[in-house]
Every structure is written in C-alpha cells, then in structure tokens.
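Numbering-wise (the numbering used here), the sequence shown opens with residue 132 and increments by one. For every residue, glycine included, the Cβ atom is placed at its ideal position computed from N, Cα and C.
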Amino acid sequence: MDLAESKVRAVYEPNGSGVESRPTNLLTFHAAPLLMLKPHWHAQVEVNYIVAGSVHYRMHTHELTLKAGQLVLFWGGLPHQMDDLSDDAIYAGGHLPLMHFFRLRLPEDIPHRLMQGATLLSNATDESDPVSFARWNDYARSGDPVKSQHAVNELLLRLERVRFEAYELVGNSPRLDPQHESIELQSSRNVGRMCDFIAENFLSDIDSVDIAAAADLHPKYAMSIFKRSTGMTLNEYVSLLRLSYAQALLLREDANVLRVAMESGFGSLSAFNKSFRKIAGMSPSDFRRDARDMPLLSSDALAS
C-alpha cells in the first residue's frame with residue numbers, strides 16, 4: 132500500500148475518548164476498522180470477530196491475516212498495528228480489562244500465553260455470531276445499565292465457549308509446566324482481585340503492598356502469581372495503565388507533557404519519559420509531535 136492510497140483512507144489515532152484513555156472499561160465495537168499508521172497499545176485483552184472482508188495485523192511477535200468468520204483474542208498491552216484491510220472489512224468485538232479476562236474459565240495455559248504475545252485464533256464460529264456481536268454492541272451503548280451488563284455477561288460466556296471448540300495459539304509463547312497449570316485457576320481469581328483494586332486506583336500513588344493487601348495476600352506471593360500469570364510485575368501493569376491513559380491525553384490540543392505525566396499518575400517527568408520510551412520507542416514529546424504532524428484524515432469510529 133503506497134502513501135497516495137493511504138491519503139484517501141481514514142486512519143486510526145488514539146484520542147481522548149478512545150480505548151487508550153479508558154483502560155479499566157469493557158468497551159465494545161461493531162464498525163469498519165481503520166488503518167493504523169503506527170503500532171498502539173492499550174491495557175485490555177482485545178476480542179476481534181471478523182464480520183466481513185479481511186484485515187491484517189502486525190503483532191508483537193508475528194503477523195496475522197484474519198478473514199470473515201474468524202475470532203481472535205490477543206493482549207493489547209503489547210504494541211500492535213492493523214496495517215492493511217479489505218475495502219469491505221467489518222469487525223466486531225470488545226476490549227476486556229484484565230479484571231474480566233482473568234475471570235474467564237478458559238484452558239489454563241491461555242491467559243499466560245496470551246500475555247506473553249500469542250494470539251488465540253478460532254474458526255469455530257457460526258451463523259449466530261454476527262447477530263450476537265451486533266446485539267451486544269447495541270446493548271452496551273444503549274445507556275441502559277441492565278442491557279449493558281447483559282451484553283457483558285453474554286460476551287464473556289461466548290468467549291468461554293472457546294474451551295469446548297478447536298482453536299490454535301499463533302505466535303511464539305512459553306508453555307506453563309504441568310505443576311503451574313494445576314494452580315492457575317486459583318491464581319487467576321487472585322489476579323482478578325488485584326486487577327479490581329488497580330483499576331480503581333492506578334492514577335493514585337499505590338504500590339505492591341497496597342495491591343496485595345486489597346486481595347488479602349502476602350506481597351511476595353501477590354507479586355509472584357501476578358508475574359507468572361501476566362508476564363508483568365505489578366508495577367509494570369500499573370505503569371501500563373498509566374501509559375495507556377497518557378497516550379490519549381497527549382493527543383489533546385492543549386497537551387503539556389509535564390501535566391500529562393502528573394495526571395497519569397507518574398511521580399516525575401523523568402519516570403514518565405523512561406516508561407513511555409520503553410513501550411513506544413520514542414519520547415512523549417516526539418509521540419505528540421508525530422501525531423499532530425500526520426497529514427491524513429483521522430477518525431475515532433473504532434473506539435467510540
């Protein structure tokens with residue numbers, strides 16, 4: 132795809148109302164996807180169901196072409212980019228905060244391997260899925276809290292059905308040894324409780340002791356099971372939530388890097404710059420400049 136072609140297509144940018152700025156919300160979508168000019172990240176597990184056409188992703192460890200009728204789950208905390216799609220592409224799905232994801236009753240190795248960069252791919256879909264994904268999106272956006280909760284519950288149950296169907300894990304990721312697999316169920320419950328607390332407090336000054344206490348765990352044990360389940364330390368996950376939030380703030384017209392650092396929960400500008408560069412490969416200032424210099428049409432249809 133050359134530059135001339137890309138200039139006539141809408142592109143996706145992180146924005147102040149998008150998934151990046153709401154890292155603890157379960158958000159649904161049903162739309163024509165948008166090209167991404169650069170990789171982005173967010174602190175949720177992403178669910179994509181391809182309703183029509185095809186899309187191509189560059190993931191952290193692999194590339195993937197998805198076609199109509201395929202369903203995938205992947206960890207959005209690793210940079211990923213939709214860099215090509217067909218003109219008729221439509222996709223649906225949601226962004227699951229970890230507090231929801233770690234409550235799913237999935238095969239024991241799936242959470243660990245997704246957090247390490249694998250993509251779960253299922254072809255075991257049926258004629259009910261296009262209708263269901265459309266309904267869940269309508270219910271979630273209805274403004275009716277009862278309908279919204281119903282949509283969430285049904286979506287999570289649909290994802291749990293994966294365990295009864297054929298699926299594959301695409302991309303290199305380490306397998307758990309049998310001893311660890313046997314204790315993953317209880318670990319996932321504990322990780323879910325820690326994620327609940329982090330979701331409510333990640334913009335505040337919290338540490339591993341606070342997080343462990345909220346889940347009624349010893350700090351060393353809490354850090355151990357969180358690292359084993361997610362591949363991240365507790366501090367790295369808190370930082371990822373803050374960076375996702377900051378990514379959206381930097382797109383505001385009046386964005387000031389120091390103010391964004393403080394509003395995102397970082398205690399200093401140097402800590403913010405170091406963490407941002409680690410995941411984005413550039414400084415917050417360069418990220419903001421590059422985003423503002425993009426000459427192409429942007430839209431928030433994906434995450435709105």
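On the three-state DSSP scale, how would you describe threonine 361? The count along the sequence shown starts at 1 and reaches residue 361 at position 230. If DSSP states are grouped into helix, strand and coil, threonine 361 belongs with the helices.
Can you tell me whether threonine 155 is buried or exposed? The criterion is at least 16 other CB atoms within 10 Å of its CB, across all chains shown. Residue 155 sits at position 24 when you count from the first residue of the sequence shown. Its Cβ being crowded by 16 or more others within 10 Å, threonine 155 is buried.
What are the boundary residues of the beta strand (DSSP E) that glutamate 299 is part of? The residue given as residue 299 occupies position 168 in the sequence shown. Run containing glutamate 299: 299-301, per the beta strand (DSSP E) assignment.
Whole angstroms is fine: what's the gap from leucine 229's alpha carbon to valine 176's? The sequence position of residue 229 within the sequence shown is 98, counting from 1. The sequence position of residue 176 within the sequence shown is 45, counting from 1. So the alpha carbons of these two residues sit roughly 7 Å apart.
If you run the structure through DSSP and keep just helix, strand and coil, what is glycine 225? Mapped onto the sequence shown, residue 225 falls at position 94. Three-state result, glycine 225: strand.
Lysine 405, DSSP secondary structure in three states: Counting from 1 along the sequence shown, the entry for residue 405 is found at position 274. Note: lysine 405 maps to helix in three-state DSSP.
Exposed or buried, which one is glutamine 201 when buried takes at least 16 other CB atoms within 10 Å? Residue mapping note: residue 201 aligns to position 70 of the sequence shown, counting from 1. Answer is buried; the Cβ neighbour count reaches 16.
Let's test the definition: count the other Cβ atoms within 10 Å of the Cβ of glutamate 299 and tell me whether it reaches 16, buried, or not, exposed. Along the sequence shown, read from residue 1 onward, the residue named residue 299 stands at position 168. Exposed, because fewer than 16 other Cβ atoms sit within 10 Å of the Cβ of glutamate 299.
Supposed contact pair tyrosine 143 and leucine 165 - C-beta distance, whole angstroms, cut 8 Å: Translated into positions along the sequence shown, residue 165 becomes position 34. Translated into positions along the sequence shown, residue 143 becomes position 12. Right, their Cβ atoms sit about 4 Å apart.
Rounded to the nearest angstrom, what separates methionine 413 and alanine 345 at their Cα positions? As a working mapping, residue 413 is identified with position 282 in the sequence shown. As a working mapping, residue 345 is identified with position 214 in the sequence shown. One C-alpha to the other measures close to 34 Å.
Enumerated in chain order, which unbroken segments of the beta strand (DSSP E) with a length of 3 residues or greater are wholly contained in the stretch 159-193? 175-183 and 185-189
Whole alpha helix (DSSP H) runs in the stretch 238-275 with 4 or more residues, listed along the chain? 240-246 and 259-271
Cutoff 6 Å; reference phenylalanine 328; Cβ partners in own chain excluding five residues on either side: For the purposes of this step, residue 328 is identified with residue 197 of the sequence shown, where counting begins at 1. Counting only Cβ-Cβ distances below 6 Å, and skipping sequence neighbours, we find Ile342 and Ala345.
N- and C-terminal bounds of the beta strand (DSSP E) containing valine 203: What you label residue 203 is simply residue 72 of the sequence shown in a count that begins at 1. That run of the beta strand (DSSP E) goes 202-206.
Roughly how many angstroms lie between the CA atoms of arginine 244 and glycine 207, to the nearest whole one? Residue numbering aside, residue 244 sits at position 113 when the sequence shown is read from its first letter. Residue numbering aside, residue 207 sits at position 76 when the sequence shown is read from its first letter. Approximately 13 Å, taken between the alpha carbons.
Keeping to the same chain, check which residues put their C-beta closer than 7 Å to that of leucine 235; ignore five residues upstream and five downstream. Locating residue 235 in the sequence shown gives position 104, counting from the first residue. Closer than 7 Å at Cβ, skipping near neighbours: Leu287, Leu290 and Glu291.
If you count every other CB in all the chains shown that lies within 10 Å of the CB of arginine 320, and 16 or more means buried, which is it? Residue mapping note: residue 320 aligns to position 189 of the sequence shown, counting from 1. So arginine 320 ends up on the exposed side.
Output needed for alanine 282: all residues of its chain with C-beta closer than 6 Å, excluding positions within five of it in sequence on either side, in chain order. Taking the sequence shown and counting its residues from 1, one reaches residue 282 at position 151. These residues qualify, in order along the chain: Trp267, Tyr270 and Ala271.
Any contact between the stretch 360-367 and the stretch 376-385? By contact I mean 3 or more CB pairs, one from each, below 8 Å. no
Could you check the C-alpha separation between glutamate 296 and asparagine 254 for me, to the nearest Å? Residue mapping note: residue 296 aligns to position 165 of the sequence shown, counting from 1. Residue mapping note: residue 254 aligns to position 123 of the sequence shown, counting from 1. Taking the straight line from one Cα to the other gives about 9 Å.
Find the nearest neighbour of cysteine 326 within the set Val150, His349, Ser355 and Val369, judged by alpha-carbon distance. Here residue 326 is taken as the residue at index 195 of the sequence shown, counted from 1. Answer by Cα proximity: Val369.
Can you tell me which of the three DSSP states aspartate 214 falls into? As a first step, residue 214 must be located in the sequence shown, where it is residue number 83. In the structure shown, aspartate 214 sits in a strand (DSSP, three-state: E or B).
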